[in-house]
Amino acid sequence: MGKLKKILLHEYVLVFLFCLAAIQGPAFSLMDNYDQAGCVDCQTYQGLARFDFNQSPVRRYRPIVPMLASAVYHVLGPVFRRLQPGNFPGDFALSFSFLLINSILLSIWGVLIYRFCKDYGIATVPSLLGLQVMLTCRWTPYIAGTAMVDSLYCVVVALALLGIKEKSNGMTLCAIFLGPFAKEAFIFIAPVIFFFSHINKIKLLGYFVLSGVLVFGFHYVYDRLAGFPPGSGLAADIYHFTYVKENLRKLFSFHGVYDILSNPGLWLIAPLAALWVAPGYKAEVRQRLEWYMLFFLLSILVHMLLSGYLERMFYLTMPLLCMFVALAIDEGRKLYFAPEK
0 MGKLKKILLH
10 EYVLVFLFCL
20 AAIQGPAFSL
30 MDNYDQAGCV
40 DCQTYQGLAR
50 FDFNQSPVRR
60 YRPIVPMLAS
70 AVYHVLGPVF
80 RRLQPGNFPG
90 DFALSFSFLL
100 INSILLSIWG
110 VLIYRFCKDY
120 GIATVPSLLG
130 LQVMLTCRWT
140 PYIAGTAMVD
150 SLYCVVVALA
160 LLGIKEKSNG
170 MTLCAIFLGP
180 FAKEAFIFIA
190 PVIFFFSHIN
200 KIKLLGYFVL
210 SGVLVFGFHY
220 VYDRLAGFPP
230 GSGLAADIYH
240 FTYVKENLRK
250 LFSFHGVYDI
260 LSNPGLWLIA
270 PLAALWVAPG
280 YKAEVRQRLE
290 WYMLFFLLSI
300 LVHMLLSGYL
310 ERMFYLTMPL
320 LCMFVALAID
330 EGRKLYFAPE
340 K
């Protein structure tokens with residue numbers, strides 16, 4: 000019991016449970032009121048979870064979250080069906096399985112964001128308040144409450160950033176080998192890892208080659224078994240470049256900027272206020288701003304331009320958004336709530 004108590008009271012376990020509690024309610028509400036039958040992404044991933052592999056070539060090579068949801072569905076499906084609301088559209092047990100897996104993954108994402116804030120010397124309470132930027136973002140319940148796979152990609156992005164910041168081999172290798180199976184857009188995160196990771200470049204190149212062999216091998220086997228023409232997935236990915244022109248127009252429009260800034264929402268008040276009232280905030284920002292962050296933001300811009308949803312891809316910047324909001328709150332704490340000597 001002593002060991003169990005020690006585990007449950009561990010800082011990161013408490014943050015995980017805090018995130019899970021904050022995410023579950025809004026995610027369930029969205030799931031209960033959102034008809035996923037009208038979302039082609041959700042239909043693809045639910046199809047994969049049912050072992051129907053004749054799916055969109057854009058999304059069918061992202062098996063991890065659907066397979067985890069399928070495992071939960073086949074074990075706990077009968078229990079979930081007894082909880083089904085009377086007016087729920089579709090398969091409640093499968094939808095709830097996705098909600099459970101996505102909520103857990105986004106809670107892990109929350110722990111990694113919290114750790115990222117702490118790595119930059121921010122106190123515990125401001126780090127938790129900075130984490131609220133992610134927990135209260137409108138995309139969080141959507142990603143958790145629908146049959147989507149963005150949650151795993153969020154974890155991969157956080158592992159990539161923490162691997163660079165903490166010089167962690169384990170985190171970096173997890174990102175390299177999980178990333179391509181989470182989303183093909185990981186190819187735009189890979190250069191950030193390659194140029195800013197502490198790992199020897201020759202070794203890194205070998206890891207990326209091995210990861211690529213595994214991914215393309217999986218694509219080849221998948222296509223052969225499902226009877227798809229080779230390279231159909233690659234052709235579908237290339238089609239995303241047709242989004243660039245329209246997304247550039249949207250990026251510089253009022254509604255485009257509004258959609259992007261709706262991710263942090265009113266939490267933007269914290270850094271804006273800190274710039275006004277906390278003289279040391281600018282210096283703190285400059286001190287913590289590192290080159291890998293700027294290249295990471297550039298990679299997210301590429302994600303945005305190739306996506307159908309600018310603001311959904313901007314959600315991947317949450318580790319930086321949360322950290323700089325937490326830093327602003329921490330500066331305010333030092334300025335107004337520091338104990339008098």
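Okay, so the sequence shown: first residue is 0 according to numbering that gives the first Met the number 0, each after it adds one.
Ideal Cβ positions, reconstructed from N, Cα and C, are used throughout, including at glycine.
At which residue ranges does the segment 171 to 228 contain complete alpha helix (DSSP H) runs of 4 or more residues, listed in the order of the chain? 189 to 195, 200 to 225
Indicate the three-state DSSP secondary structure (helix, strand or coil) for Glu339 in the structure shown. For Glu339, the predicted structure reports a pLDDT of 45, less than 50, and the residue's modelled location is therefore unreliable. The matter cannot be settled from this model.
Enumerate in chain order the residues of its own chain whose CB-to-CB distance from Cys321 is below 7 angstroms, with the five nearest sequence positions on each side excluded. Ile112, Cys116, Gly129, Leu130, Val132, Met133
Closest residue to Arg287 among Leu334, Phe323, Leu304 (Cα-Cα distance): Phe323
Would you say the beta carbon of Tyr280 is closer than 7 angstroms to some non-hydrogen atom of the ligand ZN? For the ligand ZN, the structure offers nothing, since it holds no ligand at all.
Taking only the alpha-carbon atoms, compute the straight-line gap between Pro179 and Asp222 and give it to the nearest angstrom. 17 angstroms
Classify Pro278: buried if its beta carbon has 16 or more other beta carbons within 10 angstroms, exposed otherwise. exposed
Considering Asn101, what are the terminal residues of the alpha helix (DSSP H) in which it resides? 91 to 118
Please report the distance separating the alpha-carbon of Val214 from that of Ala146. 22 angstroms
Alpha helix (DSSP H) segment containing Trp290, residue limits: 290 to 304
What's the C-alpha gap between Val14 and Leu172? 24 angstroms
Short of 7 angstroms in beta carbon distance, which residues of its chain neighbour Asp149, apart from the five on each side in sequence? Order them along the chain. Ile142
Roughly how many whole angstroms lie between the Cα atoms of Pro228 and Tyr219? 9 angstroms
Going by beta carbon distance, what residues of the same chain come within less than 8 angstroms of Gly307, once the five residues before and after it are set aside? Tyr242
On the premise that Ile198 lies in contact with Ala159, defined as a C-beta separation below 8 angstroms, what is that separation, rounded to the nearest angstrom? Incorrect: roughly 12 angstroms between the Cβ atoms, too far for contact.
State the Cα-Cα distance for the pair Ser196 and Asp90, rounded to the nearest angstrom. 43 angstroms
Three-way DSSP call (helix, strand, coil) for Pro62 in this model: coil
What are the boundary residues of the alpha helix (DSSP H) that includes Thr135? Note, Thr135: premise wrong, no alpha helix (DSSP H); not H, not E.
Consult DSSP for Ser126 and reduce its assignment to one of helix, strand or coil. helix
Hey, how far is the Cα of Leu250 from the Cα of Ile299? 13 angstroms
Element boundaries [alpha helix (DSSP H), containing Leu271]: 268 to 276
Would DSSP call Cys38 helix, strand or coil? coil
Which same chain residues, not among the five before or five after Ala122, have their C-beta less than 6 angstroms away from its C-beta? Asp329
C-alpha gap between Arg311 and Met292, whole angstroms: 19 angstroms
Assess contact between the segment 34 to 44 and the segment 52 to 59, defined as three or more Cβ pairs (one per stretch) separated by less than 8 angstroms. Is contact present? yes
Helix, strand or coil at Gly24 according to DSSP, with G and I counted as helix: helix
Need the endpoints of the alpha helix (DSSP H) that Leu247 sits in, please. 243 to 250
Cα-Cα separation between Leu271 and Asp258, rounded to whole angstroms: 19 angstroms
Contact set for Glu165: own chain, Cβ-Cβ below 8 angstroms, skip 5 residues either direction: Asp118
Along the alpha helix (DSSP H) that carries Ala159, what are the first and last residues, could you check? 149 to 165
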